[in-house]
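Residue 62 in full-length UniProt numbering sits at position 62 of the sequence shown; the count goes up by one each step and never skips.
Idealized CB from N, CA, C, for every residue including glycine.
A quick write-up on the structure given underneath.
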Amino acid sequence: MSAAAWLTQPLHASAVGLALAALVWLLHWRRSALALGVLAVAWSLLWSLPAAAGALRDSLQRGYLGQSAEGLPQADVIVVLGGGIGRVSAFARGDADAPELAGNRVAAAARAWQAGRAPAMLVSGGASASTRGVSEAAIMADALVELGVPRAALVLEDASGDTRANAERSARIAAERGWKRAILVTSALHMPRALQWFQRAGLPALPLAPEPPVAAAPPEAWTPSMRTLDESAQALREYAGLVVATFG
């Protein structure tokens, strides 16, 4: 994990801020040290509040929610990015509309296929420790077959390890096959960064993000929690990644 990614976790950033405050205190700049310490604590407290975390996440994903495959124009290929695939057993019923697949990107891609949005589907994602050496592309391909997508329609990109590589390798495959227009399927939170990398790679894409499942019991807006801190960290990482994708 890079230092920038590490610092997107609010607790980590606060710890660095407190350490700097302690150093400033030792230099006898007491007012500056106190101000820095207060800001460091306030940073984590802010992002532990569901109201703040929700606003941060909505600022990234709001424009991509509520979409349906039927409303998209025809494309050459549907590109599905790895990450957040969910439990493999959930695909066994073969029903892309099953309640347990609400918010699942693989199921959203299957629905786009069933709606006739493209004649081919590219699944992109390499292997990781969490997948025990099996590529995410292979896992997604098996799940899509369970959901009724013909294996002959699937193309696997199984070497990428991040969003930039997803985009660059997918664009290379698209160029080889003459695909000009893609539908990109990933989470709404991840969509801004993914679209930017695909644009830079030369494969402009139409976004299709599954609607996140509705929480059974939404948290109190002003009750801090560690879970909310983790959600904020995810959004802050996306913002950091979007900056890199735009200006890096």
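| Asked | Found |
| --- | --- |
| Any 3 or more C-beta pairs closer than 8 angstroms across the region 196-203 and the region 61-71 | no |
| Backbone secondary structure at Ser124 - three-state DSSP | strand |
| Exposed unless 16 or more other CB atoms sit within 10 angstroms - verdict on Leu23 | exposed |
| Sheet register partners of Glu211 (DSSP bridge) | DSSP lists no partner for Glu211. |
| When Asp95, Leu26, Leu39 are compared against Ala15, the one with the closest alpha-carbon | Leu39 |
| Simplified DSSP assignment, three categories, for Leu203 | coil |
| Whole-Å CB distance - Ala75 paired with Arg105, under 8 angstroms assumed | That pair is no contact at about 16 angstroms. |
| CA nearest to the CA of Thr223, picked from Ala159, Gly86, Leu20, Ser44 | Ser44 |
| Contact under 7 angstroms by Cβ, Leu147 with Ala110 | yes |
| Cross-strand partners of Leu154 (DSSP beta bridge) | Met121 |
| Proximity below 7 angstroms, CB of Leu242 to CB of Ser48 | no |
| Helix, strand or coil at Ile139 [DSSP, three-state] | helix |
| Endpoints, the alpha helix (DSSP H) within which Ile173 is located | 163-177 |
| Residue burial classification, Val79 (beta-carbon count within 10 angstroms, cutoff 16) | buried |
| Span of the beta strand (DSSP E) around Ala182 | 182-185 |
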